[in-house]
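Taking the working numbering as reference, the numbering of the sequence shown is continuous, increasing by one, and the terminal residue is 222. The beta carbon of each residue, even a glycine, is placed where N, CA and C say it ideally should be. Small disclaimer: the values here were computed from a predicted structure and weren't measured. Working notes for the structure below.
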Amino acid sequence: MSGSNKKLNCWEFKKCGREPGGARVDEYGVCPAAVEQDADGINSGTCGGRICWAVSGTFCRGKVQGIFAAKITSCAGCDFFNLVDSEEKNPLEESEKYLKRVQDKNKPPKS
112 MSGSNKKLNC WEFKKCGREP GGARVDEYGV CPAAVEQDAD GINSGTCGGR
162 ICWAVSGTFC RGKVQGIFAA KITSCAGCDF FNLVDSEEKN PLEESEKYLK
212 RVQDKNKPPK S
């Protein structure tokens, strides 16, 4: 970060190249975390870049990950997750807020 207060997004930390315009987009596609607008600003990140563990379909350790409940255990051992955890007050509380927002957005309208 060299003197900057900018907090890294997952694709900057992991150097996966799956952000829009990234080096590996042609090979693997754009990561859902890199374009998840509903998560923009959470934990001071861009899109889902600092809440990737709560974004469904991210690509980690060479394979597509599932939903939050299925992947949080492995994410808790991730060096990036632990960095965000050390930099933020309560990233899991932010995850709950994000997941509720997505759930509410995806609910069918009441008739």
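Rounded C-alpha distance that separates residue i from residue j
i	j	result
residue 185	residue 214	23 Å
residue 130	residue 147	11 Å
residue 183	residue 221	31 Å
residue 197	residue 217	31 Å
residue 179	residue 165	5 Å
residue 152	residue 128	21 Å
residue 212	residue 132	28 Å
residue 116	residue 173	30 Å
residue 199	residue 219	33 Å
residue 193	residue 181	18 Å
Of the residues the options, the one placed nearest residue i, counting alpha carbons only
i	options	result
residue 171	150, 132 and 140	140
residue 176	155, 143 and 132	143
residue 126	201, 219 and 191	191
residue 207	150, 136, 134 and 173	150
residue 145	153, 132, 159 and 137	159
Boundaries of the alpha helix (DSSP H) in which residue i is found, first to last residue
i	result
residue 180	179-186
residue 195	190-198
residue 212	202-217
residue 136	136-139
residue 236	Only positions 112 to 222 of the chain appear in this structure, which leaves residue 236 out of reach.
Residue i vs residue j beta-carbon contact at 8 Å
i	j	result
residue 162	residue 156	yes
residue 123	residue 154	no
Point to revise | beta strand (DSSP E) segments (min. 3 residues) lying fully within the stretch 129-169 | key: Complete beta strand (DSSP E) runs here, min 3: none at all.
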